[in-house]
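Trainee: Per the working numbering, the very first residue in the sequence shown carries number 787; after that it's consecutive. Ideal placement from N, C-alpha and C gives every residue a C-beta, glycine not left out. In this text, all values refer to a predicted model and were calculated from it rather than measured experimentally. Pasting in a structure now, in structure tokens, and then I'll have a few things to ask.
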Amino acid sequence: MVVRPVVRQYKEAYAREAARHVRAGGHAVVWEKGGKVRLVIPVPKADDPMDLHYWSLLDLGKSRWKKMPSGPYRGLAIAMIPRDCHDIVRRRAERDAVWPEAQRAITFDCLACGACCRDNYVELDKDDIARFRKAGRADLLRRPYTRKKDGKLVLRLLKSKRCRHLEDDNRCAIYELRPSACSVFPVGSECCLNAREVEFEMYDGDPPAR
Ligand code: SF4
Ligand code: SF4
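Here it is as structure tokens:
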């Protein structure tokens, strides 16, 4: 089970309500005059790769935030949302409008899903390369399993966009050796929810329709 933040949207004038929601563990999308949008979240734990607050930023292509020193958001983290991501944060709030609390407990079945192992981009880091070699699987570093992209070694996908290591039952064929990027991908994050929606139209915690 995962406890994930519930996303609400607020007008700028309701900063206190937005801050109260975030202090209770939720995320606030704050619409300001002039069309600017801020995402207000609890301060991410940058050293915790499973931190759902941090991943809510990564899903927007952002990795930086500002901890507010004063004002209604004192002690909370704020990130300005790029214009091309406004619809994304609006949809998050619309998705969560049915949940009355600031957080929501939810259970996912990864073996019934596998969405994040499709149409993805997985770079292999130094640790992955060393791990593959140590396990006698240097073949995993070559074609057909990898390709070079901007000097990085990246997992190659099948034409169907599935990862080559994803088996028919959604198990990972190299689970014990799987790349670090796969092992730290957090279930219940906005990236997970987005993958489920894009790949299978599974909305939030829906079971797969297949
Ligand atoms: S998208 Fe989420 S629920 Fe689906 S397999 Fe990946 S981590 Fe699990
Ligand atoms: S290596 Fe395994 S965990 Fe990573 S994307 Fe492929 S199937 Fe999924």
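If you count every other CB in all the chains shown that lies within 10 Å of the CB of Tyr-785, and 16 or more means buried, which is it?
Mentor: In the structure as shown, the chain starts at 787 and stops at 996, and residue 785 therefore has no counterpart that could be examined.
Trainee: Please classify Cys-944 as buried or exposed, where buried requires at least 16 other C-beta atoms within 10 Å of its C-beta.
Mentor: Strictly speaking, residue 944 in this sequence is Leu, with Cys absent from that position. Exposed, because fewer than 16 other Cβ atoms sit within 10 Å of the Cβ of Leu-944.
Trainee: Just jot down, in chain order, the residues whose CB lies closer than 5 angstroms to any heavy atom of ligand 2.
Mentor: So the residues near ligand 2 by this Cβ test are Cys-903, Cys-949, His-951, Leu-952, Cys-958, Arg-964, Cys-968.
Trainee: CB-CB under 8 angstroms to Met-787, same chain, minus the five flanking residues each way: which ones, in chain order?
Mentor: Here the set comprises Ala-891, Ile-892, Thr-893.
Trainee: Buried or exposed, going by whether 16 or more other CB atoms sit within 10 Å of the CB of Ser-856?
Mentor: Ser-856 should be labelled exposed.
Trainee: Report the three-state DSSP secondary structure of Ile-867 (helix, strand or coil).
Mentor: Ile-867 falls in the coil class under three-state DSSP.
Trainee: Kindly indicate which residue of Asp-954, Ile-827, Val-815 has the alpha-carbon position closest to the one of Ala-901.
Mentor: Nearest option by C-alpha distance: Asp-954.
Trainee: Classify Ser-969: buried if its beta carbon has 16 or more other beta carbons within 10 angstroms, exposed otherwise.
Mentor: Label assigned to Ser-969: exposed.
Trainee: Compare the Cα-Cα distances from Ile-867 to each of Ala-921, Gly-861, Arg-860, Arg-876 and report the closest residue.
Mentor: The shortest C-alpha separation from Ile-867 is found at Arg-876.
Trainee: Tell me the residue span of the beta strand (DSSP E) that contains Trp-817.
Mentor: 813-817 is the extent of the beta strand (DSSP E) around Trp-817.
Trainee: For the alpha helix (DSSP H) that Leu-838 lies in, which residues bound it at each end?
Mentor: Its alpha helix (DSSP H) spans residues 838-844.
Trainee: Can you tell which of Ile-827, Ala-863, Arg-878 has the C-alpha that lies nearest to the C-alpha of Asp-990?
Mentor: When only C-alpha atoms are compared, the closest one is Arg-878.
Trainee: So, is Pro-930 buried or exposed, given that buried needs 16 or more other C-beta atoms within 10 angstroms?
Mentor: When all chains shown are included, Pro-930 counts as exposed.
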